[in-house]
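These protein sequence lines map, in sequence, to chains A and B.
So in numbering that gives the first Met the number 0, spot 146 of the first sequence is number 145, and the numbers just go up one at a time.
So in numbering that gives the first Met the number 0, spot 15 of the second sequence is number 14, and the numbers just go up one at a time.
Backbone N, C-alpha and C fix where the C-beta goes; we use that ideal spot for every residue, glycine too.
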Amino acid sequence: MKQFYDNMRALRVFPFTAVIPVALIVILAVPAASAAETPQHCDIQNASCIMRTNDGTVIEFDVRPKPVAAMIESTFVVIVIRNGKPVTDASVQLDLSMPHMFMGKNQPILHHVKDGRYEGKGVITRCASGRKTWQADITIGSDGKTAVAAFVFEVN
Amino acid sequence: METGYILALTTGIIGGFGHCIGMCGPLVASYTLARSTRPLPLFARAAPHLLYNSGRITTYALIGGVMGLSGSFVNVAGRLAGIQNVVAVIAGALMILMGMSITGISGNTAWLEVHNRSVLRLSQRVFSSSSSFRYYPLGLILGLLPCGLSYTVFIASAGTGGLFPGMLTALLFGLGTLPALVLFGAVMSFLSAALRSRIYRTGGVIVILMGIYYLYRGISLYAKL
């Protein structure tokens with residue numbers, strides 16, 4: 000009987016350890032609620048993608064080198080301008096995903112380079128299904144405000 | 000447990016249901032359909048799926064370890080790409096051969112046997128043996144199939160900067176995919192019994208069609224190299 004109670008006591012730990020993966024499942028499976036912007040289609044192969052948010056923040060997104068291709072190291076660039084001035088102290092989060100196909104969490108880390116320009120390196124992976132459409136969700140946090148932009152683009 | 004490991008495990012769990020069933024489901028269905036018609040106890044039915052997935056996860060862990068050791072996803076992935084694309088083509092060819100065997104038309108393929116002796120010998124070893132252990136090497140080989148979701152995890156493995164952390168990241172991801180694929184395999188086992196008893200040859204035709212699709216995918220990937 001004592002053994003039984005010991006086992007039950009040990010099992011009490013389970014709910015707490017299970018909470019972390021379950022919470023992560025919810026976070027990963029449900030797209031970020033803040034990313035409410037309708038994704039804007041853009042021709043990333045020939046130009047950068049630009050979106051003006053409701054609070055007047057201009058978010059420019061680009062991928063180098065061109066042509067933008069899967070399975071090579073790429074440099075992701077985000078330029079943030081608010082009220083005509085570069086935002087230099089923002090936290091910039093880039094989330095790469097494929098619409099309609101779960102590809103795991105792919106979030107290159109971006110750092111401020113200069114004049115509101117944030118850069119980071121990463122890899123756009125190749126899907127064996129042959130799909131080439133990717134989405135970049137960008138979240139800018141600065142001065143207690145959050146601005147989001149979403150771009151849909153094609154890779155080679 | 001570190002967040003990176005939990006994330007890898009969670010990616011496997013979500014990806015197993017949301018990605019792997021769609022991309023690897025046909026393969027699981029193929030080897031399930033190609034199995035013996037004899038009624039088997041539950042463990043004997045589950046063993047091929049567990050062994051196949053163990054092989055697949057072993058390969059993931061090894062690749063993850065190499066990624067972690069090298070610290071570079073692009074370099075290792077670049078070297079692996081050629082092998083992976085060949086494996087994709089082989090998977091398609093094997094599925095077609097399995098389908099031909101199920102439908103009973105493989106007896107008329109002397110021309111195929113003349114030109115593809117080594118592939119046929121390999122497939123015969125894997126699929127004609129009565130032992131369930133043949134599914135482990137199959138999983139080892141087919142674990143090399145190109146897969147976008149596993150690439151994302153290998154990027155994380157490369158980021159760990161070490162052999163064991165990289166290996167553990169990929170291992171946890173693989174374990175995460177296990178429930179979905181084993182469950183799918185179990186469902187297919189029941190379905191295949193019904194298929195076999197009623198429309199036996201239709202199952203073979205389905206496997207051939209899935210093999211053609213895999214072959215097309217493999218050749219497409221090879222062309223992009």
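Shown here for E72 (chain A): same chain residues with a beta carbon closer than 8 Å to its own, the five before and five after excluded, namely K120, G121 and V122 in chain order. Given a length threshold of 4 residues, each whole run of the alpha helix (DSSP H) inside the segment 140-174 of chain B is given here in chain order: 147-159.
Taking a C-beta distance under 7 Å as the contact criterion, G142 (chain B) and T58 (chain B) qualify as a contact pair. Comparing C-alpha distances from V67 (chain A) to each of A:G55, A:P85, A:A46 and A:V77 shows the shortest one belongs to A:A46. In the DSSP assignment, G14 (chain B) falls within the unbroken alpha helix (DSSP H) covering T2 to G14. Collapsing the DSSP output to three states places H111 (chain A) in a strand. In summary, no residue of the segment 131-153 of chain A has a CB separated from any CB of chain B by less than 7 Å.
Between A146 (chain A) and the set A:H110, A:I58 and A:P107, the nearest pair of CA atoms involves A:I58.
Across the structure, P38 (chain A) and G17 (chain B) are spaced so that their CA atoms are roughly 22 Å apart. With respect to the 7 Å criterion, A127 (chain A) and I137 (chain A) are not classified as neighbours on the basis of their beta carbons. Taking the beta carbon of M22 (chain B) as reference, the chain A residues within 8 Å of it are A127 and S128, listed in sequence order. Rounded to the nearest angstrom, the gap between the Cα atoms of H111 (chain A) and G140 (chain A) is 13 Å.
By the criterion of a C-beta distance shorter than 8 Å, G15 (chain B) is surrounded in its chain by G175, T176, L177, P178, A179 and L180, once the five residues flanking it on both sides are discounted.
If you look at S90 (chain A), you'll find it in the beta strand (DSSP E) that goes S90 to M97.
Distance from the CA of E118 (chain A) to the CA of A80 (chain B), rounded to the nearest whole angstrom, comes to 28 Å.
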